[in-house]
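Residue numbers (our numbering), protein chains in the order written: chain A, 1 to 406; chain B, 407 to 574. Every residue, glycine too, gets a C-beta built ideally from N, C-alpha and C. Remember, it's a predicted structure, so these values are computed and weren't measured experimentally. Just below is one structure, and these are the notes that go with it.
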Ligand code: SF4
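Printed below as a string of structure tokens:
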């Protein structure tokens, strides 16, 4: 049988490093997968050098709209380290609060997208409906649903009032109910388990060797979480568990994410109960002393790393960003190899590469015939759903989904 | 905007008046149920998640007949988000050319309207209108789902008005 090369991509707008995949097929099996980077490159790092530190907060925040708080906090931590300032603990707690709300919205978003990729649109609609509750909280706290702009160098820009705390706690209770249900769905619903178990395997050794990050690594049993390993903001004081799973497959990655939601609720409750009094910001000079700093942050997708070099002026000399998806890309090619073409969408979706873009173009090249044909992401998704339907996995057959918890 | 030209004008000529009803029907259907295709030209994803939000239960654009399509050939409205990066420039042109007439472009977000915060980045060529003609701009970073819906409704309203004027 001839080998077929299928390029998947390249539109991947999410992070600084959009990606494309080139799959070589033998029949329906993927023999090798290569990742290509460099599309949708906007040149943010260079642009940072021409803007002041304060302007950069807003630019950096827009590296990714899903984990905007991640990037701005990570960048600001570098600047604060260079300036030698310590933020107040109230500011640190508020940063933690917004960070966890962001994690909740991001994980719920992922759950929906994963459901959509396997043809389980009911799950997509449910989890996005529940996600709106978090979006309301974020809008209430920060004034915007996405790109919150709550961080500033030396602290945060908005306070949390006692009424807001009540609202947040109420919503968190509701979300907790729903999350329990999602955990049940992911661990007990037979169709889901059959569809996801064993797909996109990544062993513990490989996860460590390939430098996987976030839920991708934790689902392989690697206990790696920056919030614990190198605590920032208020995480040093907050008790929480690092969720791991032994499944090492797409199912495991899903379970880790929904269980992490429960930890996030715990963190939010802890933070709100013990919110310390104090100022929101400390004064930071406009000119940042010369030096270099690196900072790490556990984004919903894994570890985010920022590097800032200052030359003593109002503008940084160099800014470097390593977003978590880049860390997970090398394991993705490993996970795809040996799997079926029909599982490609969900395996890629399972690292959660900021997946809102639905119109990737896929060129199918038959090496022997040298013919080319175009497929878009939707067609590949449809192919995948049909392929599994033929093998008896049909999500339209699930009729007993409950409507409770609200 | 090209009103009733393009695809429909293939069928309509003064002699074949009986097709005018057909033309009207198509126009009516287009206004009552516009199909959109979403294209990301290099956005930070903020606008994209808000566009997807409009399709989910709380906002549920589908009740207005709006459906998201996978192929540009099926779509009436191209919804773009993000500044145009040098890498996506050719692609957006290609997608636009693949759409059948009459077609409309909606720029969602400040980036799509003008380049936004990314103005001046070396990988960015500017707003959507630097590449393809835009019919509606929806500002905001990102615009709330309500704003996106409002923008689409306004676009449809302006089409309806134009239709009425043509009748007069
Ligand atoms: S307008 Fe704002 S949210 Fe939308 S793509 Fe641009 S930076 Fe992102």
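* To do: Taking residue 550(B) as the query, report the chain A residues whose CB atoms sit under 7 angstroms from its CB, ordered along the chain.
  => Near residue 550(B) (Cβ distances below 7 angstroms), the residues of chain A are 145.
* Should residue 491(B) be flagged as near chain A, meaning a C-beta pair shorter than 7 angstroms? -> yes
* With a threshold of 16 other CB atoms inside 10 Å of the CB of residue 84(A), please say whether the residue is buried or exposed. => It counts as exposed.
* In three-state DSSP terms, what is residue 558(B)? -> helix
* For the stretch 44-122 of chain A, list the alpha helix (DSSP H) runs that are entirely contained and at least 4 residues long, ordered along the chain. => For the stretch 44-122 of chain A, whole alpha helix (DSSP H) runs of length 4 or above, ordered along the chain, are 44-48, 53-61, 68-83, 89-117.
* To do: Would you kindly work out how many angstroms separate the C-alpha atoms of residue 571(B) and residue 320(A), rounded to a whole number?
  => 56 angstroms
* Asked: Under three-state DSSP, which class holds residue 443(B)?
  -> It is a strand residue.
* **Simplified DSSP state of residue 532(B), which is helix, strand or coil** => strand
* Asked: Can at least three beta-carbon pairs, one atom from the stretch 285-300 of chain A and one from the stretch 309-324 of chain A, be found at a separation below 8 angstroms?
  -> yes
* **Contiguous beta strand (DSSP E) assignments of at least 3 residues, all confined to the stretch 273-307 of chain A** => Counting only runs of 3+ residues, the beta strand (DSSP E) found wholly inside the stretch 273-307 of chain A occupies 291-299, in chain order.
* From 530(B), 529(B), 452(B), 495(B), residue whose alpha carbon lies closest to that of residue 547(B) -> The candidate whose alpha carbon is nearest that of residue 547(B) is 452(B).
* Does the separation of the CB atoms of residue 131(A) and residue 450(B) fall below 7 angstroms? -> no
* Between the CA atoms of residue 383(A) and residue 302(A) - distance to the nearest angstrom -> 30 angstroms
* To do: Please report the residue range of the alpha helix (DSSP H) in which residue 500(B) lies.
  => 495-504
* Is the Cβ-Cβ distance between residue 541(B) and residue 561(B) less than 7 angstroms? -> yes
* Which first and last residues belong to the alpha helix (DSSP H) in which residue 458(B) is found? -> 452-459
* DSSP three-state call for residue 539(B): helix, strand or coil? -> Residue 539(B) falls in the coil class under three-state DSSP.
* Contact set between the stretch 47-62 of chain A and chain B, restricted to residues whose Cβ is under 8 angstroms from the partner -> Flagged, chain order: 47, 50, 58, 59, 62.
* Asked: Should residue 519(B) and residue 543(B) be called a contact, given that it needs their Cβ atoms to be closer than 7 angstroms?
  -> For residue 519(B) and residue 543(B), yes; Cβs fall inside 7 angstroms.
* Closer than 8 angstroms, Cβ to Cβ, to anything on chain A: give me those residues from the stretch 523-538 of chain B, in chain order. => Within the stretch 523-538 of chain B, the residues whose Cβ lies closer than 8 angstroms to some Cβ of chain A are 523, 524, 526, 527, 528, 529, 530, listed in chain order.
* What three-state label does DSSP hand residue 27(A) in the structure shown? -> coil
* Determine the chain A residues that contact residue 547(B) at a beta-carbon separation under 7 angstroms, and present them in chain order. => 147
* Asked: Can you tell me whether residue 283(A) is buried or exposed, with buried defined as 16 or more other CB within 10 angstroms of its CB?
  -> exposed
* For residue 484(B), name the three-state secondary structure that DSSP assigns. => strand
* Is DSSP giving residue 570(B) helix, strand or coil here? -> helix
* Below-7 angstroms beta-carbon distance, residue 217(A) vs any chain B residue -> Chain B, which has no Cβ nearer than 7 angstroms to the Cβ of residue 217(A), makes this no.
* Asked: Apart from the five residues just before and just after residue 211(A), which ones in its own chain have a Cβ nearer than 8 angstroms to its Cβ?
  -> Short of 8 angstroms from the beta carbon of residue 211(A), and not among the five residues preceding or following it, lie these beta carbons of its own chain, in chain order: 327, 330, 331.
* Following the continuous beta strand (DSSP E) through residue 205(A), name the residue where it begins and the one where it ends. => Here residue 205(A) belongs to no beta strand (DSSP E); instead the alpha helix (DSSP H) covers 204-209.
* Asked: Does residue 450(B) have its Cβ less than 7 angstroms from a Cβ in chain A?
  -> Yes, because at least one Cβ of chain A sits closer than 7 angstroms to the Cβ of residue 450(B).
* Asked: Closest by CA to residue 197(A), which one among 262(A), 219(A), 274(A)?
  -> 219(A)
* Asked: Excluding sequence positions up to five away, which residues of its chain have a Cβ less than 8 angstroms from the Cβ of residue 534(B)?
  -> 447, 486, 490, 498, 511, 513, 518, 519, 540
* Asked: Which residues mark the beginning and the end of the alpha helix (DSSP H) in which residue 349(A) is found?
  -> 344-350
* Asked: What residues in the stretch 461-481 of chain B have a beta carbon less than 9 angstroms from any beta carbon of chain A?
  -> 461, 462, 463, 464, 465, 474, 475, 476, 477, 478
* How is residue 340(A) classed by DSSP in three states: helix, strand or coil? -> strand
* Would you check if the stretch 247-266 of chain A and the stretch 54-74 of chain A touch, i.e. whether three or more CB-CB distances between them fall below 8 angstroms? => No, the stretch 54-74 of chain A does not touch the stretch 247-266 of chain A.
* Can you tell me whether DSSP reads residue 147(A) as helix, strand or coil? -> coil
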